[in-house]
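Taking it in order: structure first as structure tokens, then the write-up.
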Amino acid sequence: MGRVEDGRPYGWGRLHAAFQVLEGLAVGRTALGLPSELRKTTNTPRNNFELLLPKAGLHLLLARERGGAHAEAAAAVFGDVAVLVAPERMSRDSLSRQEIAEFQQGHAHQIGHYREKLGALVP
0 MGRVEDGRPY
10 GWGRLHAAFQ
20 VLEGLAVGRT
30 ALGLPSELRK
40 TTNTPRNNFE
50 LLLPKAGLHL
60 LLARERGGAH
70 AEAAAAVFGD
80 VAVLVAPERM
90 SRDSLSRQEI
100 AEFQQGHAHQ
110 IGHYREKLGA
120 LVP
């Protein structure tokens, strides 16, 4: 059996975290970490990511315009988004309970990574 970290739901949790941090860098706050927002992604991953991807470009622009540490952090996080979108088909189906747990693990891992790397910039 493979590691949880190698699975799609875990990766989608990490991707969601990158969108969350990018939004926070752009506007100083984010609602993407709320349970209701996480549920939207676990209910229909592809549909929700299709909504978040166009916003990512605007969030990059806004954060880069802020300059300084926000601009540098946004460039790195935006690059992570590109890497975290796996080169495979993304499901539109709701995740199972096990997959939701894996998604949450991936999300927590990535948020922890950003907090360690970016400190107070992470809302």
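Here numbering that gives the first Met the number 0 is used: position 16 in the sequence shown is 15, and no number is missing along the way.
Ideal Cβ positions, reconstructed from N, Cα and C, are used throughout, including at glycine.
G12 to V80 span [Cα, whole Å]: Taking the straight line from one Cα to the other gives about 12 Å.
Taking its Cβ as the centre, do 16 or more other Cβ atoms sit within 10 Å of G56, making it buried, or is it exposed? Burial check for G56: the Cβ neighbour count within 10 Å stays below 16, so the residue is exposed.
Compute the Euclidean distance between the alpha carbons of G105 and L31, then round it to the nearest angstrom. Each residue's CA atom was taken as its position, placing G105 and L31 some 15 Å apart.
Taking C-beta to C-beta, are R28 and P122 nearer than 7 Å? It is a contact, given that the beta carbons lie within the stated cut-off.
Taking the alpha carbon of M89 as the point to measure from, which residue in V26, N47, R2 and G78 has its own alpha carbon closest? Among V26, N47, R2 and G78, the Cα nearest to that of M89 belongs to N47.
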